[in-house]
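K.L.:
Please find one structure pasted underneath; my questions will follow.
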Amino acid sequence: MSTELHHLGVADLARQLDAKAVSSVEITKHLLARVAAHQQLGAFLCTDEALALAQAQAADDRRAKGETGPLLGVPLAHKDIFVTTDFPSTAASKMLEGYRSPFDATVVAQLKAAGSVTLGKLNCDEFAMGGSNENSAYGPARNPWNVNRITGGSSGGSAAAVAARLIPAATGTDTGGSVRQPASLTGITGIKPTYGRCSRYGMIAFASSLDQAGPLARSAEDCALLLSAMSGFDPRDATSAERPVEDYAAAIRAPRAGATAAQPLKGLRIGLPKEFFGDGVAAGVTTAVRAALAEFEKLGATLVDVSLPRTELSIPVYYIIAPAEASSNLSRFDGVRYGHRAKDHGDLLDMYKKSRAEGFGPEVKRRIMIGTYVLSHGYYDAYYLQAQKLRRMIADDFQAAFAQCDLIAGPVSPTVARPLGSQTDPVQEYLADIFTLPGSLAGLPGMSVPAGFGEEGLPVGLQLIGNYWQEGQLLHAAHAFQQATDFHLRAPEGY
């Protein structure tokens, strides 16, 4: 059994643990050995073998007393944007090197309470700013399908670790596509829930009106199990929604009215925005996405043409709003209370300048400068205020589309994973987010589902976007697709 453990997802491992076919300690030892053997991927920033084994033993003891649970004894790892008491919390930045939090992020605490075992913290773009994981102060995470390619970002370490079968699932965060894009480029499943579904308490903030936690895993079933544990109202987060926790594992199996075994999605209307299928999308990506949509039709879904006319405006809107919020959020890192402090400095102002110059990387500095500019006197009305007005219009476009359909589908990324170091123009890098940004600006739930392979045999993800609080419907559709296909089961060669 031990040689096959890493091929099992969350639900599969839970079933093995329920059957007492394997222990959490056995699983944890096996996966820790894989993490150590594949350090070249740059997925993990830190691990703690003794701690993980202690947590695994505690889970086994709970099971021995008759306790059960879908995550009890299942090993996971957390994106290093969530603060943790047991591991350093650095946001992949020199600014927070060695920082230890006095408390756990709510999402971490919820998964810990569910009995999951934490193997360590995962690489990401610095302060979650980037779409390639090349902006980490500790080096890039590498795509296991081709180690010379990007993983996507900012949750690149999470995606690489799950795709390489180092762990069955991981936490991530999505501000403008940072769960969906790396999931797409590494051939795994990831979901960004509705803004407010998961608590942001203890997430190191990038853009507070956009940041949202979400799981990355092999399948929709595994994502459903994690999302149920991660979600729920948190009074410590002013943006947390007071909504009941849903059983998403039950939702994916609940039959649709009028559906049949052969057509489980009968009656589901899937909208195809014409703006998502135009020029600029690689031929291989379009082919894979169209083939996946044809499979949805076989499963009973109906395809409907819709329009999201302000899609192109989402890029300038996002890259005004997100940096503006980042410049405010990151002002706390000043070398005084915590974080990096320059060793050689003069007065207080000089210490601020040198500490921030040394602690922040180039992309973080770039976004702070952009954000400070658009919030400055004389530019606030011209840029930031206009961007917020357009954000509302983008959200309205989605509501007009949802009057004609239940879900919206299209590519996650215009291309497959590009080579590491191949993009030196930050504006061109930002353009790769064009299909994920609109849903983020509107605060809608969205997910990436493995849909095949494009250029050079690299993975392609299908994006599904739902209306507010419709994560269950998203996961149900994705699960039905995964029952009919095997893209989510395919592993990179050598892993």
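Numbering (full-length UniProt numbering), first residue to last: 1 to 495.
From the three backbone atoms N, C-alpha and C, an ideal C-beta is built for every residue, glycine too.
What you are looking at is a predicted structure, and each value in this text was computed from that prediction instead of being measured.
Within 10 angstroms of the Cβ of Asn148, are there 16 or more other Cβ atoms? Answer buried if so, exposed if not.
P.N.:
Exposed: under 16 other Cβ atoms inside 10 Å.
K.L.:
With H, G and I counted as helix, E and B as strand and the rest as coil, what does DSSP make of Leu349?
P.N.:
Correct three-state label for Leu349: helix.
K.L.:
Give the straight-line distance between the Cα atoms of Ala54 and Ser178, rounded to the nearest whole angstrom.
P.N.:
Their Cα atoms are separated by approximately 31 Å.
K.L.:
Does His377 pass the burial test, meaning 16 or more other C-beta atoms within 10 Å, or should it be called exposed?
P.N.:
Exposed, by the Cβ-count rule.
K.L.:
Just reading off the beta strand (DSSP E) that Lys20 is part of, what are its end residues?
P.N.:
Neither: Lys20 is in no beta strand (DSSP E) and is coded neither H nor E.
K.L.:
For Asp60, which three-state DSSP category applies?
P.N.:
Residue state, collapsed to three classes: helix.
K.L.:
Return the residue from the list Glu325, Ile270, Leu385 and Leu462 that minimises the CA-CA distance to Thr175.
P.N.:
Measuring from the Cα of Thr175, the nearest candidate turns out to be Glu325.
K.L.:
Could you give the first and the last residue of the continuous alpha helix (DSSP H) run that contains His476?
P.N.:
Glu471 to Ala484 is the span of the alpha helix (DSSP H), which, as asked, contains His476.
K.L.:
Are any of the Cβ atoms in chain B nearer than 9 Å to that of Ala164?
P.N.:
The structure shown contains no chain B, having only a single protein chain.
K.L.:
Between the Cα of His488 and those of Phe206, Lys29 and Glu221, spot the shortest distance and give me the residue it belongs to.
P.N.:
The residue with the shortest Cα to Cα distance from His488 is Glu221.
K.L.:
CB Gly232 to CB Ser199, shorter than 9 Å?
P.N.:
Yes. Within cutoff.
K.L.:
Once the 5 residues before and after Arg367 are set aside, which same chain residues still bring their CB inside 7 Å of it?
P.N.:
Around Arg367: Met129, Pro323 and Ala326.
K.L.:
By how many angstroms is the C-alpha of Ala92 removed from the C-alpha of Leu51?
P.N.:
If I take the Cα positions, the gap works out to 21 Å.
K.L.:
Going by CA-CA distance only, name the one from Leu76, Lys389, Gln39 and Ala400 that's closest to Ala11.
P.N.:
Residue Leu76 is the option with its Cα nearest to Ala11.
K.L.:
Using a Cβ-Cβ cutoff of less than 7 Å, which residues in the same chain neighbour Val281 once the five nearest sequence positions on both sides are dropped?
P.N.:
Pro411 and Pro414, listed in sequence order.
K.L.:
Please report the Cβ distance between Asp460 and Ala183, rounded to the nearest whole angstrom; I am assuming they are in contact, meaning their Cβ atoms lie under 8 Å.
P.N.:
A small fix is needed here, since residue 460 is Val in this sequence, not Asp. Val460 to Ala183, Cβ: 11 Å. No contact.
K.L.:
Between Met1 and Met230, what straight-line distance do the alpha-carbon atoms span, to the nearest angstrom?
P.N.:
A caution first: Met1 carries a pLDDT of 48, below 50, which makes its placement in the model too unreliable to give a value.
K.L.:
Should the stretch 54–70 be regarded as contacting the stretch 94–108, the criterion being three or more beta carbon pairs within less than 8 Å?
P.N.:
With a cut-off of 8 Å, the stretch 94–108 and the stretch 54–70 do not count as touching, because too few Cβ pairs lie within range.
K.L.:
Taking Leu407 as the reference, give the member of Val22, Gly466, Ser331 and Gln212 with the closest Cα.
P.N.:
Measuring from the Cα of Leu407, the nearest candidate turns out to be Gly466.
K.L.:
How far does the beta strand (DSSP E) with Val460 in it extend, from its first residue to its last?
P.N.:
Where Val460 is concerned, the enclosing beta strand (DSSP E) stretches over Pro459 to Gly466.
K.L.:
If you draw a straight line from the alpha carbon of Ala164 to that of Ala33, how long is it in whole angstroms?
P.N.:
Distance between the alpha carbons of Ala164 and Ala33: 13 Å.
K.L.:
Any idea what DSSP makes of Arg367, helix, strand or coil?
P.N.:
DSSP places Arg367 in helix when its eight states are reduced to three.
K.L.:
Within a Cβ cutoff of 7 Å, which residues of the same chain sit near Leu13, ignoring the five residues on either side of it in sequence?
P.N.:
Closer than 7 Å at the Cβ level, and outside the excluded window around Leu13, lie Ile27, Val74 and Pro168.
K.L.:
If you reduce the DSSP assignment to three classes, tell me which class Asn135 lands in.
P.N.:
It is coil, neither helix nor strand.
K.L.:
Leaving out five residues before and five after Asp18 in sequence, what residues of the same chain have Cβ atoms less than 7 Å from its Cβ?
P.N.:
Once the five neighbours on either side are set aside, the close Cβ partners of Asp18 are Thr68.
K.L.:
Let me confirm a value: Tyr380 is counted as buried when at least 16 other C-beta atoms fall within 10 Å, else exposed. Which label applies?
P.N.:
Classification of Tyr380: exposed, given that the 10 Å Cβ count is below 16.
K.L.:
Secondary structure at Met1, three-state DSSP: helix, strand or coil?
P.N.:
Because Met1 carries a pLDDT of 48, less than 50, the predicted location of this residue cannot be relied on, and no value is offered for it.
K.L.:
Over what stretch of residues does the alpha helix (DSSP H) that includes Gln110 continue unbroken?
P.N.:
Run containing Gln110: Thr106 to Ala113, per the alpha helix (DSSP H) assignment.
K.L.:
Whose CA, out of Ser209, Ser440, Thr151 and Phe435, lies closest to the CA of Ala395?
P.N.:
Selected option, being the one with the closest Cα: Ser440.
K.L.:
Please say whether Gly9 and Ala294 have beta carbons closer to each other than 9 Å?
P.N.:
No, they are not a contact pair.
K.L.:
Taking just the CA atoms, how far does Leu475 sit from Leu464?
P.N.:
The alpha-carbon atoms of Leu464 and Leu475 are separated by roughly 9 Å.
K.L.:
Among all the DSSP beta bridges, which residues are the ones paired with Arg146?
P.N.:
The question names Arg, but residue 146 in the sequence shown is Asn. The partner list for Asn146 (beta bridge, DSSP) reads Asn143.
K.L.:
So, Val304 versus Arg256, is the Cβ gap smaller than 9 Å?
P.N.:
Against a cut-off of 9 Å, the Cβ pair of Arg256 and Val304 comes out as no contact.
K.L.:
For Ala259, which option in Ser228, Ala291, Leu299 and Gly271 has the closest C-alpha, if you only look at C-alpha atoms?
P.N.:
It is Leu299 whose Cα lies nearest to the Cα of Ala259.
K.L.:
Mind checking which residues open and close the alpha helix (DSSP H) that includes Phe453?
P.N.:
It is not in any alpha helix (DSSP H) - Phe453 instead sits in the beta strand (DSSP E) that spans Gly446 to Phe453.
K.L.:
Which residue comes first and which comes last in the beta strand (DSSP E) that contains Asp433?
P.N.:
Segment: none, Asp433 is in no beta strand (DSSP E) and carries neither H nor E.
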